[in-house]
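Colleague: After the structure tokens below, expect a handful of questions from me.
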Amino acid sequence: MKILKVRDEIKTPLAVTADKANYIYKSLSDSVANKEKVSVDFSGITTLTTAFLNIAIGQLYSIGDKHTLNEYIKIDGNTLTSLQRNKVRLVMENAKNKLSDNDINEDLYHGN
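In my numbering, the protein residues as written are 328 to 439.
Given below as structure tokens:
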């Protein structure tokens with residue numbers, strides 16, 4: 328399993344900008360596309376925003392369902408503070424809910 332060290336990838340302990348989040352999203356989406364398992368390591372990250380996570384993690388739900396993402400992407404919870412862990416959970420739940428809402432709306436508008 329490949330390890331993606333967020334701090335090394337974005338070259339800063341501040342996981343706050345969309346540009347930096349896109350590096351992580353691209354790396355993770357490539358791993359899913361290539362059926363490569365990856366563990367995401369947040370050690371050394373001192374500031375982590377939900378805006379960053381929405382792009383880096385939440386956006387992944389647009390390319391795969393939760394089962395596919397769970398198969399290939401693991402978030403190393405031991406590398407997160409409790410506050411960071413809560414932010415990751417919030418973003419993942421929101422992304423899943425948005426996906427569910429989109430499925431419902433698609434069914435409504437397409438007559439399914």
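Quick reminder that beta carbons are idealized off the backbone N, C-alpha and C, glycines included.
1. What residues in its chain sit with their C-beta under 8 Å from that of GLU420, if we drop five residues either side in the sequence?
2. Check for me: the alpha helix (DSSP H) holding SER389 runs from which residue to which?
3. Please report the distance separating the alpha-carbon of PRO340 from that of ASN381.
4. Locate the beta strand (DSSP E) running through VAL367, then write down its first and last residues.
5. Between ASP368 and the ligand PLP, is there a pair consisting of the residue's CB and a ligand heavy atom that are separated by less than 6 Å?
6. Tell me the rounded alpha-carbon separation between ILE330 and ARG412.
7. Any contact of the segment 349-356 with the segment 371-378, i.e. 3+ C-beta pairs under 8 Å?
8. For LYS338, does the count of other Cβ atoms within 10 angstroms reach 16, so buried, or fall short, so exposed?
9. Quick check on the DSSP output: the beta strand (DSSP E) that includes ILE330 runs from which residue to which?
10. May I ask you to report which of helix, strand or coil DSSP gives LYS353?
11. To which residues of the same chain is VAL418 closer than 7 Å at the C-beta, ignoring the five residues directly before and after it?
Modeller: According to the data block:
1. So the list is empty, once near-sequence residues are dropped.
2. Where SER389 is concerned, there is no enclosing alpha helix (DSSP H), given that its DSSP letter is neither H nor E.
3. Cα to Cα, PRO340 sits roughly 18 Å from ASN381.
4. The continuous beta strand (DSSP E) containing VAL367 extends over residues 365-368.
5. With respect to the ligand PLP, the structure offers nothing, as it holds no ligand at all.
6. Between the C-alpha atoms of ILE330 and ARG412 there is a straight-line separation of about 18 Å.
7. A contact is defined here as three or more CB-CB pairs under 8 Å, and the segment 349-356 fails this definition with respect to the segment 371-378.
8. The residue is exposed, with fewer than 16 neighbouring Cβ atoms inside 10 Å.
9. 329-332 is the span of the beta strand (DSSP E), which, as asked, contains ILE330.
10. Under the three-state reduction of DSSP output, LYS353 falls in the helix class.
11. Closer than 7 Å at the Cβ level, and outside the excluded window around VAL418, lie THR377, LEU380, ASN381, ILE384, GLY385.
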